[in-house]
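Following: one structure in structure tokens, then a few remarks.
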Amino acid sequence: MTKAGAIWHRTAPVLCILILLLAVWYAAAIALNAAWAKDKAARADKQLTFSELVSDTMAQEKPLLPAPHQVAQEIYKTTVLKKITSKRSLIWHGWITLSATLLGFAFGTALGIMLAIGIVYSRAMDMSVMPWVITSQTIPILAVAPMIIVVLNAVGVSGLLPKAFISMYLSFFPVVVGMVKGLRAPDHMQLDQMRTWNASSSTSFWKLRLPSSMPYLFASLKIGIAASLVGAIVGELPTGAVAGLGARLLAGSYYGQTIQIWSALICAAVLAASLVALIGFVEKVTLKRMGMLQ
Amino acid sequence: MSWVIFAVVFWLVMWALNVRLANSAPTRLKSILVPTLFGITLLVLWEGLVRGFNISPILLPPPSMIAARFATSLPTLWEDFLQTFIKGALTGYIIGCSAAFLMAIAVDRSDFLKRGLLPIGNFVAALPIIGMAPILVMWFGFDWQSKAAVVVIMVFFPMLVNTVAGLQAQDNIQRDLMNTYGASYWQSLTKLSLPAALPFIFNGLKICTTLALIGAIVAEFFGSPIRGMGFRISTEVGRLALDMVWAEITVAALAGSAFYGGMALIEKALTFWHPSQRT
Numbered sequence: 000m001t002k003a004g005a006i007w008h009r010t011a012p013v014l015c016i017l018i019l020l021l022a023v024w025y026a027a028a029i030a031l032n033a034a035w036a037k038d039k040a041a042r043a044d045k046q047l048t049f050s051e052l053v054s055d056t057m058a059q060e061k062p063l064l065p066a067p068h069q070v071a072q073e074i075y076k077t078t079v080l081k082k083i084t085s086k087r088s089l090i091w092h093g094w095i096t097l098s099a100t101l102l103g104f105a106f107g108t109a110l111g112i113m114l115a116i117g118i119v120y121s122r123a124m125d126m127s128v129m130p131w132v133i134t135s136q137t138i139p140i141l142a143v144a145p146m147i148i149v150v151l152n153a154v155g156v157s158g159l160l161p162k163a164f165i166s167m168y169l170s171f172f173p174v175v176v177g178m179v180k181g182l183r184a185p186d187h188m189q190l191d192q193m194r195t196w197n198a199s200s201s202t203s204f205w206k207l208r209l210p211s212s213m214p215y216l217f218a219s220l221k222i223g224i225a226a227s228l229v230g231a232i233v234g235e236l237p238t239g240a241v242a243g244l245g246a247r248l249l250a251g252s253y254y255g256q257t258i259q260i261w262s263a264l265i266c267a268a269v270l271a272a273s274l275v276a277l278i279g280f281v282e283k284v285t286l287k288r289m290g291m292l293q
Numbered sequence: 000m001s002w003v004i005f006a007v008v009f010w011l012v013m014w015a016l017n018v019r020l021a022n023s024a025p026t027r028l029k030s031i032l033v034p035t036l037f038g039i040t041l042l043v044l045w046e047g048l049v050r051g052f053n054i055s056p057i058l059l060p061p062p063s064m065i066a067a068r069f070a071t072s073l074p075t076l077w078e079d080f081l082q083t084f085i086k087g088a089l090t091g092y093i094i095g096c097s098a099a100f101l102m103a104i105a106v107d108r109s110d111f112l113k114r115g116l117l118p119i120g121n122f123v124a125a126l127p128i129i130g131m132a133p134i135l136v137m138w139f140g141f142d143w144q145s146k147a148a149v150v151v152i153m154v155f156f157p158m159l160v161n162t163v164a165g166l167q168a169q170d171n172i173q174r175d176l177m178n179t180y181g182a183s184y185w186q187s188l189t190k191l192s193l194p195a196a197l198p199f200i201f202n203g204l205k206i207c208t209t210l211a212l213i214g215a216i217v218a219e220f221f222g223s224p225i226r227g228m229g230f231r232i233s234t235e236v237g238r239l240a241l242d243m244v245w246a247e248i249t250v251a252a253l254a255g256s257a258f259y260g261g262m263a264l265i266e267k268a269l270t271f272w273h274p275s276q277r278t
């Protein structure tokens, strides 16, 4: 198969499904918004033809399900046409969420790596901390988010940090689990080799354990950053809808602005996808330079 | 001050004990004892520091106060548990996981669907799906149906991706053997593919337990009847009754751990043959 053929072979089914999804979306928009359109027409004593009905369901102000092009228009309006400093700009809101996400992700990754090193090097820590790390994830931390925000606000910590704290809690777990696996990835033969060279435990950490944990680290980072973003968005809910993508969601749901909700949602999805893609890119470059990727 | 000193000394003693236990010959009892001691130590440390530094219970109530509140408000907690966990999370979990399971079998049969749906599934699994909550609350109303709908969407894709990966887990040689026996599609599905997929399926089921609980609770922030764990947390935070909030968190943690543990037990019973289950 040629190269172009191979790409087509891989993308064609995805495109098909995407087009199908778009079609389902339009159909659902017509079906869900029809009731309101008919209601409006009945009050105005008018009979709607089918084409009038369809065009009305596509252009409502507060539709039950906005049509894709309405959402696209809204996104275009709030990103390109608005100034970035304006409070209506999605880029401004997205940046606030992104900064909390990145801060929390950095904290979470640091905490996760430190815990993992402790767990790998100390048996006592392995036996006592590891079960609790796992239990900590069965606690729905997102549910606790409002409390953390309110409490930290009361102590005088506000702004980015409370949100970053929630992001940190969500992102440290995949990093711990992945890094513990990764730092233990070198087999006995390699560890014995280090011992033969009389390497100190810090040398064998820097030259053997850390490099061989890299693929595991990047796999965890991809999960961690997605979790961080979710944490930052949920962390914005209880602050009274001031700023950020989460605030746009909440404000939209208060005032029934469905188009605003969907545009914030799509913006969050694009943000998540680009963050994961960015880490994937860094992973590829790093592993290539380390010679771990052909 | 004596509280702080007591807590720190207690912590040091327990840590020394744990180090001793961990470095001696491992037994089954010790693998439970060590984490338990560590958990108790954390609670004592929390209690001691909160009392010793006179931290206001509005900021961080000590564990004893939370336990007292837990004991006195059992009926409320039970009502919230029924509303959020049994009605919202569990219904959604069952619907979402079974739908994803059936979808995975269809996807596994068709190469076109596999190539089309899997990249999208992987993509969607990384998205902040919880953001769909306000929309679903708008569609399905304030009661538990909308919470179940959020849970369905949250668990669907992780479950789908895991099950599809599992259905491809059998070796060529095993598939050839089924062909040699002249096994029909359904026979090889039930006798080979599904059993071989079980470890992956349970991995998905376990991930989804936490997602289900989170989905059900967070969806209640966007509107709910006057009961439910998420509702209680958001209103009690507003009243600064943090002991009640922590009691709800305890319920959520217990429910989440029990849900996860239950799945792990079923997994152990059904996939006893898998290398990861051998001890």
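Protein sequences, first through last, are from chains C and Y.
Note that the first sequence covers residues 0 to 293 in numbering that gives the first Met the number 0.
Note that the second sequence covers residues 0 to 278 in numbering that gives the first Met the number 0.
In this text, a Cβ means the ideal position worked out from N, Cα and C, and glycines have one as well.
- Secondary structure of T108 (chain C) (DSSP, three-state): helix.
- For V150 (chain C), the nearest CB of chain Y lies under 9 Å from its own CB, placing it at the interface with that chain.
- Between the stretch 79-97 of chain Y and the stretch 140-149 of chain Y there are three or more inter-stretch CB-CB distances shorter than 8 Å, so the stretches are counted as touching.
- Within the stretch 65-99 of chain C, no residue has a Cβ lying closer than 7 Å to any Cβ of chain Y.
- In chain order, P34 make up the part of chain Y whose C-beta sits under 7 Å from the C-beta of P130 (chain C).
- With a 10 Å radius around the Cβ and a threshold of 16 neighbouring Cβ atoms, N53 (chain Y) comes out exposed.
- About 15 Å separates the beta carbons of S227 (chain C) and G177 (chain C), which is beyond the 8 Å limit, so they are not a contact pair.
- A242 (chain C) and V79 (chain C) have their C-alpha atoms roughly 19 Å apart.
- According to the DSSP assignment, H273 (chain Y) belongs to no alpha helix (DSSP H), since it is labelled neither H nor E.
- In summary, H92 (chain C) is buried, with 16 or more beta-carbon neighbours lying within 10 Å of its beta-carbon over all protein chains present.
- Under the three-state reduction of DSSP, L58 (chain Y) is assigned to coil, being neither helix nor strand.
- Residues are counted here when their Cβ sits less than 9 Å from a Cβ of chain C; for the stretch 128-140 of chain Y these are I128, I129, G130, M131, A132, P133, I134, V136, M137 and W138, given in chain order.
- If you draw a 10 Å sphere on the C-beta of W272 (chain Y), you find fewer than 16 other C-beta atoms in it, and that means exposed.
- Membership of W45 (chain Y) in the alpha helix (DSSP H) is indicated by the continuous run R27 to G51.
- Setting aside the 5 residues that flank it on each side, D79 (chain Y) is surrounded in the same chain by R226, G227, M228, F230, R231, E247 and V250, each with a C-beta closer than 8 Å to its C-beta; the list follows chain order.
- Nearest to N17 (chain Y) by alpha-carbon distance, out of C:R122, C:G4 and C:I6, is C:R122.
- Within the stretch 174-223 of chain C, the complete alpha helix (DSSP H) segments at least 4 residues long are 187-195 and 200-203, listed from N- to C-terminus.
- For A148 (chain Y), not one C-beta of chain C is nearer than 9 Å to its own C-beta.
- Burial check for W77 (chain Y): the Cβ neighbour count within 10 Å stays below 16, so the residue is exposed.
- DSSP, read as helix, strand or coil, puts I225 (chain Y) in coil.
- Residues of chain Y whose Cβ lies closer than 7 Å to the Cβ of V143 (chain C) are, in chain order, I248.
- Using a Cβ-Cβ cut-off of 9 Å, K267 (chain Y) does not count as an interface residue toward chain C, since no Cβ of chain C sits closer than that to its own.
- By the neighbour-count criterion, in which a residue is buried when 16 or more other Cβ atoms sit within 10 angstroms of its Cβ, Q46 (chain C) is exposed.
- The CB of I93 (chain Y) never comes closer than 9 Å to any CB in chain C; the least such distance is about 18 Å.
- From the beta-carbon of P118 (chain Y), the residues of chain C found nearer than 7 Å are V13.
- Assignment of A182 (chain Y) by DSSP, reduced to helix, strand and coil, places it in the coil class.
- Interface residue (Cβ-Cβ distance to chain Y less than 9 Å): H8 (chain C) is classified as such.
- Cβ proximity to chain Y below 7 Å picks out A225, L228 and V229 from the stretch 214-230 of chain C.
- In the DSSP assignment, L20 (chain C) falls within the alpha helix (DSSP H) that extends over K2 to R42.
- Taking every protein chain shown into account, the CB of R108 (chain Y) has fewer than 16 other CB atoms within 10 angstroms, so this residue is exposed.
- The beta carbon of G51 (chain Y) sits closer than 7 Å to the beta carbons of M0, W2, V3 and A6 from its chain, once the five residues preceding and following it are set aside; these are given in chain order.
- Distances from the alpha-carbon of Q259 (chain C) to those of Y:M131, Y:W45 and Y:P25 put Y:M131 closest.
- I152 (chain Y) is positioned such that its CB atom lies closer than 9 Å to that of G214 (chain Y).
- Take N32 (chain C), set aside five residues on each side of it, and the residues of its chain with a beta-carbon closer than 7 Å to its own are T56, Q59, P62, L63 and L64, in chain order.
- The stretch 103-112 of chain C and the stretch 160-172 of chain C touch, with no fewer than 3 CB-CB distances between them shorter than 8 Å.
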